[in-house]
Every structure is written in C-alpha cells, then in structure tokens.
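Engineer: Supplied in structure tokens, the structure appears directly below.
Residue numbers (this note's numbering): 140 to 310.
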C-alpha cells in the first residue's frame, strides 16, 4: 500500500517543520505588548506552581512567599513553554491521526473478513441444501425402482460391493 509511507513521511515532515514554527512563535511572543503581558502572567503562574510542587516533593514549607521572575526571564520561560506546547500539540495530533487512520483501516479489514465469512456460510448452506435435495431425489428413484421391480438394477450400493468382491476373488 503506497498511502502508508506517504502518510508517515508527511507526519515526520510536519513534526520537523513544527520546530522552526515553534521557534518563530517564541521569538514573536515577546514583541507584542499585550501578548507579552499575558505570557508574563502565564510564566509567573507556571513558576509559582512548579516551585510549590518542588517544595512539596522535597518536604519544604509551601507557605513562604515565592519571588516572581524578572520580566525577561518570564518572557523567555513563557516563550519556551509556548514552543514546547506547540511541538507537543503537533506530535499529539499526528499520533491521534495515525491511530484513527489505523483504526479505520482495521475496521475495513474486519468488515471484509466478516463479508467473506458470511459468503462462505451462505455457500455452505447452499451446498448442504443441494446435498439434501440430491438425497431426496435418490430416495425417490430407489422407491420408484422398487415399485417397478428394478431394485437389483438400481441398487448401487450392493452391486458395487459385489462387483468389488468378484474382482478380488478372481485375483
């Protein structure tokens, strides 16, 4: 299947292209004043959260005041966070796309298998009906032959066995 390598290559290209885009986002993030203020507050909140988590993990007091980052460090931290979130989002979307594509492919294969199995069951049923119909015809012929006194002529089972016995005794 040709589609698989193309999709895989497209996913890899998308992941590779997302890194420069993330770097561009990081670079542009600090330039716009309103966005800059937003990302500084985002970085400060992230700093407080990570510091509190670290303090809890190490068993230190968490009720102390946490010094905020200076603005340049906050912008850099937020820009890094935005870049990482972007790259992670692109990677996550690629994984989700691949899983869904694989699930659709597997569902199509399963449907084909189910249809083939159904066709085989139907063919088996038809053959069983045909065998049953032929048994009834043979039974009717045997009954008809008995009624006309031709049982010796149409008694295939006994005549085949007796012919085999005669040929075996002749040897």
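Every residue gets a Cβ at the ideal spot worked out from N, C-alpha and C, and that includes glycine.
Being a predicted model, the structure only gives us computed values, none of them experimental.
I'd like the span of the alpha helix (DSSP H) that includes residue 211, first residue to last.
Structural biologist: 210-287
Engineer: For residue 228 and residue 197, what's the separation of their Cα atoms in angstroms?
Structural biologist: 31 Å
Engineer: Is residue 252 closer than 8 Å to residue 214 when the C-beta atoms are compared?
Structural biologist: no
Engineer: Would you please state the rounded distance, in angstroms, between the beta carbons of residue 191 and residue 216? I believe it to be under 8 Å.
Structural biologist: Going by Cβ atoms, the distance from residue 191 to residue 216 rounds to 16 Å, so no, they are not a contact pair.
Engineer: Taking C-beta to C-beta, are residue 222 and residue 161 nearer than 8 Å?
Structural biologist: yes
Engineer: Taking all protein chains shown into account, do 16 or more other C-beta atoms lie within 10 angstroms of the C-beta of residue 235, making it buried, or fewer, making it exposed?
Structural biologist: exposed
Engineer: Just the C-alpha distance for residue 180 and residue 211, rounded to the nearest angstrom, thanks.
Structural biologist: Distance between the alpha carbons of residue 180 and residue 211 is about 12 Å.
Engineer: Return the residue from the list 287, 218, 286 that minimises the CA-CA distance to residue 158.
Structural biologist: 218
Engineer: For residue 274, count neighbouring C-beta atoms within 10 Å of its own C-beta (all shown protein chains included) and say buried if the count is 16 or more, exposed if not.
Structural biologist: Per the 10 Å Cβ criterion, exposed.
Engineer: Within its chain, find whatever has a CB closer than 6 Å to the CB of residue 152; leave out the 5 residues flanking it on each side and keep chain order.
Structural biologist: none
Engineer: I'd like to know whether the C-beta atoms of residue 208 and residue 183 end up nearer to each other than 8 Å.
Structural biologist: yes
Engineer: Which residues mark the beginning and the end of the alpha helix (DSSP H) in which residue 186 is found?
Structural biologist: First-last of the alpha helix (DSSP H) with residue 186: 172-197.
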